[in-house]
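Step one of this worksheet: look at the structure below.
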Amino acid sequence: MAQAIEAPGERFTADNGESGTHGASHAMKFDLPAYTYDCACLNEPDHASYVFLLDEVDGVHPLPHNLYVALVRGQAEAPALAGQTLRLADWYVRLKDGEPNCVVNETYNFVRFDARGKVDWAASPSPHPHRRNAVAVPEDGALPTTAEHAAMKSILFGESVKSAT
């Protein structure tokens, strides 16, 4: 039987009058907080999002979270980034004693800055463009290089970057 996608907390259960039948009145439950990738632990840890901008010459630039939020909401400008399309790395990180402990999730996208340095999501390239005249890019086009990934880990965890020679 096919299942409909429902908004969180809005589960539909079939009530066909057979309340004694197991499964007829039970909805499937998915516990998102319990799904913790490869860093499972029993405590309720703190988490933080760390954002980096990756430029075209393997430059990794940490972006303070407050500035990132203001940029994506259109409440701030970054004139130094005006007219550029950069890759955006967003790492969701588990904290231990207030310090980064392990990366829980990594997300990579493109972000386009307009002539004034405001984020222009409509002009940002996408692997799944849903707009007319949108720039399509490969699915893995925003992924970091090995050197960029190592640099982000170094910034976040203080690990030394090993040169690829």
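With the working numbering applied, the sequence shown covers 8 to 172. We treat Cβ as the ideally placed atom computed from N, Cα and C, and that holds for glycine.
Secondary structure of residue i, DSSP reduced to three states
i: K103; result: strand
i: S133; result: strand
i: E166; result: coil
i: V126; result: strand
i: A184; result: Because the chain is modelled from 8 through 172, residue 184 falls outside the range shown and cannot be assessed.
i: P86; result: helix
i: V77; result: Per the sequence shown, residue 77 should be read as Ala rather than Val. Of the three classes helix, strand and coil, the one that applies to A77 here is helix, per DSSP.
i: T153; result: helix
Proximity to residue i [Cα-Cα], best of the options
i: A122; options: K160, A87, V64; result: A87
i: N116; options: S133, N140, C109; result: S133
i: I162; options: Q91, A77, E63, W98; result: W98
i: G148; options: K160, G165, A157, T114; result: T114
i: P145; options: G66, H156, R94, G90; result: R94
i: A77; options: A158, A141, V126, A157; result: V126
i: R80; options: D62, T92, V118; result: V118
i: A85; options: D53, G124, H72; result: G124
Buried versus exposed, by CB contacts within 10 Å (16 or more), residue i
i: W128; result: exposed
i: L102; result: exposed
i: A55; result: exposed
i: L74; result: exposed
i: F164; result: exposed
i: A96; result: buried
i: Q58; result: One point to set straight first is that residue 58 is Val, not Gln, in the sequence displayed. Buried, by the Cβ-count rule.
i: A89; result: exposed
i: A143; result: exposed
i: V64; result: exposed
Cutoff 8 Å: residue i Cβ touching any chain D Cβ
i: P145; result: Here chain D cannot be found, since the structure has a single protein chain.
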